[in-house]
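Q: In the numbering used here, the protein residues as written are 541 to 777.
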Amino acid sequence: MATDLLVISAHAADYVWRGGGTIARYVQMGKSVQIIALSYGERGESAELWKSGKTLDEVKAIRRSESQKAADILGAPIRFMDWDDYPLAVDDARLLELVRIIRNARPVAILTHGKHDPFNPDHETTAAKVHQASVLAISHGVLPDIPVAKQVRLFGFEHHQPELSEFHPDIVVDISEAFELKKEAMNCFQAQKHLIEYYTMRAFIRGNHARRISGQGEYRYAEAFMRYYPLVAGELL
Ligand SMILES: [Zn+2]
């Protein structure tokens, strides 16, 4: 059976800051969502835990448990690959594992990182490898024992510094009904508390854009994404 949304996150919390509202919204609408975290963000995105003297294993365990709790709140299953971060390396064996994941999930849409992020090479690696895996997933000669996937809609998260990462919003998703869940999920990450206020503000600003563009005055919070491919439709949507 097809998965409506497959979310592939470089680190343990990226999917919450940048797509948590959309994930919760999908779940509220009865759609199927799967989350993959390639690493725990143990080296690059856990500064507060290192400052408090935790060991690598302790940092990973804390990040895993926070991320699991957040995914439970959003209502979607999560799988942790534990591929290490800073640097996050995706060799050909791991690339083929991503192909297997895509083929088994048969997603309608994949949500991952945007292509350019000068402040976080792990995010760029994830974007490039997920894009590559999505192309390999529709190629009959690759892993011929697993049925090929269909061409997937591919979306990139809004970056932490969008203007400096060549981000422009191609789609703005209303998350007003899901925002409380996103906030609760963001609160799971004690090592990155400074980001909670930041992403609350960003959802508020994108909510303003959502109202202005759509004319729907009830929209309060939103998340923005970039498309990897143009929208194909029978009318001008
Ligand atoms: Zn990250």
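Glycine included, C-beta positions come from ideal geometry on N, C-alpha and C.
1) Could you have a look at E637 and say whether DSSP puts it in helix, strand or coil?
2) Can you check whether the CB of E698 is closer than 9 Å to the CB of M766?
3) So L721 and L614 are in contact, right, with Cβ under 8 Å, and what is the actual spacing, rounded?
4) Flag H551 as yes when its Cβ comes closer than 8 Å to any non-hydrogen atom of ligand 1, and as no otherwise.
5) Spatial neighbours of V639 within its chain, please: CB distance less than 7 Å, with the 5 preceding and 5 following residues excluded, ordered by chain position.
6) According to DSSP, L651 sits in a beta bridge with which residue or residues?
7) Is E585 near ligand 1 - that is, is its Cβ less than 8 Å away from at least one heavy atom of it?
8) In three-state DSSP terms, what is E763?
9) Would you identify the three-state DSSP class for I613, choosing helix, strand or coil?
10) At a cut-off of 8 Å, would you count N748 as near ligand 1, judging by its Cβ distance to the nearest heavy atom?
11) By DSSP, does V630 sit in helix, in strand, or in coil?
12) Identify the residues that DSSP records as bridge partners of A577: which are they?
13) How close, in whole Å, do the beta carbons of D714 and Y759 come, if the pair is a contact with beta carbons under 8 Å?
14) Give the DSSP-derived three-state secondary structure of I711 in the structure shown.
15) Do T652 and A629 have their CB atoms nearer than 9 Å?
16) Ligand 1 and D624: does any heavy atom of the ligand fall closer than 8 Å to the residue's C-beta?
17) Compute the Euclidean distance between the alpha carbons of C728 and R746, then round it to the nearest angstrom.
18) Contact check, H700 vs F659 under 8 Å by CB: the rounded distance?
19) Nearest to V648 by CA position, among A587, Q574 and G561, is which residue?
A: From the atom records:
1) Three-state DSSP puts E637 in a helix.
2) M766 places its beta carbon less than 9 Å from that of E698.
3) About 6 Å separates the CB atoms of L721 and L614; that is less than 8 Å, so the two are in contact.
4) Answer for H551: yes, Cβ within range of ligand 1.
5) These residues qualify, in order along the chain: A673, L676, A677, V682 and L683.
6) Note: L651 sits in a beta bridge opposite V547 and F695.
7) Indeed, a heavy atom of ligand 1 lies less than 8 Å from the Cβ.
8) Reduced to three states, the DSSP call for E763 is strand.
9) Looking at I613 - three-state DSSP - the assignment turns out to be helix.
10) Taking the Cβ of N748 as the reference point, every heavy atom of ligand 1 lies at 8 Å or farther away.
11) Residue state for V630 is assigned as coil, using DSSP reduced to three classes.
12) Bridge pairing for A577: S549 and F620 [DSSP].
13) Their Cβ separation, rounded to whole angstroms, is 5 Å, which keeps D714 and Y759 in contact under 8 Å.
14) Of the three classes helix, strand and coil, the one that applies to I711 here is strand, per DSSP.
15) Contact flag unset, no.
16) No, the beta carbon of D624 sits no closer than 8 Å to any heavy atom of ligand 1.
17) Roughly 23 Å between the two C-alpha positions.
18) Separation of the CB atoms of H700 and F659 is rounded to 7 Å, and the pair is thereby assigned contact status at 8 Å.
19) Considering only alpha carbons, the answer is Q574.
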